[in-house]
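What follows is one structure encoded as structure tokens, with my remarks underneath.
Protein chains: 2
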Amino acid sequence: MSELRVLPVRGLGAVGQGDDLAALIAGAAELDDGDVVVVAHKAVSKAEGRVVELDRVDASPPAVALADGHDARHVETVLRESARLVRARRGFVIAETRHGFVCASAGVDASNAPAPGWLVLLPEDPDASAARLRARLRELTGRTVAVVVSDSFGRAWRQGTTDVAVGAAGLRVLLDLKGTRDATGYELQGTTIAVADEIAGAAELVMGKTAGVPAAIVRGLAHLAGDGRARDLVMPPERDLFR
Amino acid sequence: MSELRVLPVRGLGAVGQGDDLAALIAGAAELDDGDVVVVAHKAVSKAEGRVVELDRVDASPPAVALADGHDARHVETVLRESARLVRARRGFVIAETRHGFVCASAGVDASNAPAPGWLVLLPEDPDASAARLRARLRELTGRTVAVVVSDSFGRAWRQGTTDVAVGAAGLRVLLDLKGTRDATGYELQGTTIAVADEIAGAAELVMGKTAGVPAAIVRGLAHLAGDGRARDLVMPPERDLFR
Chain A
1 MSELRVLPVR GLGAVGQGDD LAALIAGAAE LDDGDVVVVA HKAVSKAEGR
51 VVELDRVDAS PPAVALADGH DARHVETVLR ESARLVRARR GFVIAETRHG
101 FVCASAGVDA SNAPAPGWLV LLPEDPDASA ARLRARLREL TGRTVAVVVS
151 DSFGRAWRQG TTDVAVGAAG LRVLLDLKGT RDATGYELQG TTIAVADEIA
201 GAAELVMGKT AGVPAAIVRG LAHLAGDGRA RDLVMPPERD LFR
Chain B
1001 MSELRVLPVR GLGAVGQGDD LAALIAGAAE LDDGDVVVVA HKAVSKAEGR
1051 VVELDRVDAS PPAVALADGH DARHVETVLR ESARLVRARR GFVIAETRHG
1101 FVCASAGVDA SNAPAPGWLV LLPEDPDASA ARLRARLREL TGRTVAVVVS
1151 DSFGRAWRQG TTDVAVGAAG LRVLLDLKGT RDATGYELQG TTIAVADEIA
1201 GAAELVMGKT AGVPAAIVRG LAHLAGDGRA RDLVMPPERD LFR
């Protein structure tokens, strides 16, 4: 394994509905074959119009009950994005999204929204978003890259968020080491590394949340080219000890 | 935020009990001030003698019952490393360690052990291990670096492991963005990034599990210098929705 470089993509400016995000990225960065382009889901969602204005949301009685003093329209939006509530306490909801992701507020967030009073949702199908960005980047630059769409998820038992992959295209998202052997000949069993999540986390370190850098390039992982999807990172219910 | 580089530290060879791990790293890599040196916990544990030979372990009746056909001596070792069992199913145990980490087998693992039939445990106090490595690296090289001791943890609801920090020295492990504002003036609330975990994951991408590269240097994060400990990453019980 050789050196990895993680390069922030600067100068994209504010992303709005209908923007050609791939063109913005291609204009701001010099891509190489084998690069992994990590894009914060908020930029993708805003370009795709996956945003909601709070003033246009009517809160249902369950949302009002759950809100417990917080903005019930926000909670209503979270409930609409949820397939299942995992935990709910004083306006704070951990939910499973329709994609199968378990995260705070079903991925609904008010930061980096188009304007105050707006919320950003997860893309409708983040794997498809990643695939479209990848195809468009190839069209614009001639480069074959992988794309990861990232979001910041909390974790059970650990403080703080880490960025993970909610969408992927052109990448092995899970690296299965089963059958490989360590230096003593011991065969690794059940060792699968969520490389797409580690890539998203590495990109976060140069993106920041307030610096207006919604994309980064991770260079040096061409050996991870493949056709995984971020949906493959969801633990199947029958194997999930924490469902 | 500028570019990040992640450099594998090669040529360390097999690490054994009593080895001066900092000297091995200093001999194999050119360190700069502000580097984060990430070391796989197995190298640390082996140098510190935190290894167990299965043939010297007597399995207790609870371990035999839990093992369910798996090696009861292995399960016994897991139980001895556990402060609390979180889930147990057919020889597979998720436990809280004495440090407060929740992970598979309480961090006990047979891969990359000194020899077949041996297990590697987590360091007794991985934050102290990181601090000792940091002090010794400064003594040997004159460089002020941060040190992260990493392990591969599974996650609730998501497939695969990502490397996280189980020990840290010289680093802010959590970056609290409360009070900072996004481009629209929205004040970020409750946004804390587990940067130490993202750093550990980035390092994993160049370390691999079978390539004999138990350390990596993450360069470009000097702004994260601080005095956090990996123990700060443990969710306090009173805030833990998943305890």
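Going down the list, the protein sequences come from chains A and B. All residue numbers for the first sequence refer to my numbering, where the first residue is 1 and numbers rise by one. All residue numbers for the second sequence refer to my numbering, where the first residue is 1001 and numbers rise by one. The beta-carbon is built from N, C-alpha and C at its ideal position, and this holds for glycine as well.
Query                                                                                                                                  : Result
is_contact[S1111 of chain B, chain A] using C-beta, thresh 8 Å                                                                         : yes
Within the segment 120-167 of chain A, ranges of the alpha helix (DSSP H) (whole runs, at least 4 residues)                            : 126-141
N- and C-terminal bounds of the alpha helix (DSSP H) containing V1078 of chain B                                                       : A1072 to E1081
Run of the alpha helix (DSSP H) containing L1004 of chain B, from where it starts to where it stops                                    : First-last for L1004 of chain B: L1004 to P1008, but that is the beta strand (DSSP E), not the alpha helix (DSSP H).
Check whether G1167 of chain B and P1123 of chain B have beta carbons under 8 Å apart                                                  : yes
Among B:A1113, B:H1070, B:R1084 and B:S1045, the one whose alpha carbon lies nearest that of T184 of chain A                           : B:A1113
Closer than 8 Å to chain B by CB, A135 of chain A                                                                                      : no
Neighbouring residues, chain B, relative to G185 of chain A (Cβ below 8 Å)                                                             : P1116
Cut-off 7 Å between Cβ atoms - residues of its own chain near L1085 of chain B, not counting five sequence neighbours on either side   : V1093 and A1095
Beta-carbon contacts of A1169 of chain B that lie in its chain and below 6 Å, excluding the five residues immediately before and after : A1130, A1131, R1134 and V1147
Of the listed residues B:R1089, B:S1105 and B:H1074, nearest to S1082 of chain B (C-alpha basis)                                       : B:S1105
Nearest-angstrom Cβ-Cβ length linking L1007 of chain B and R1219 of chain B, presumed shorter than 8 Å                                 : 7 Å
Rounded straight-line distance, which links the Cα of D1197 of chain B to that of V51 of chain A                                       : 30 Å
Nearest-angstrom Cβ-Cβ length linking V1149 of chain B and R1010 of chain B, presumed shorter than 8 Å                                 : Contact flag wrong, Cβ pair sits at about 19 Å.
Under 9 Å from the C-beta of I1025 of chain B: neighbouring residues of chain A                                                        : Residues of chain A passing the Cβ test: none, with the nearest at roughly 17 Å.
Reduced DSSP secondary structure (H/G/I, E/B, other) of L1174 of chain B                                                               : coil
Sequence-distant residues of its chain with Cβ nearer than 8 Å to G1016 of chain B (five each side left out)                           : K1046, A1047 and P1114
Residues sharing a beta bridge with A40 of chain A, DSSP                                                                               : A:S150
Collapsed DSSP secondary structure at A47 of chain A in the structure displayed                                                        : helix
Any chain A beta carbon closer than 8 Å to V1006 of chain B                                                                            : yes
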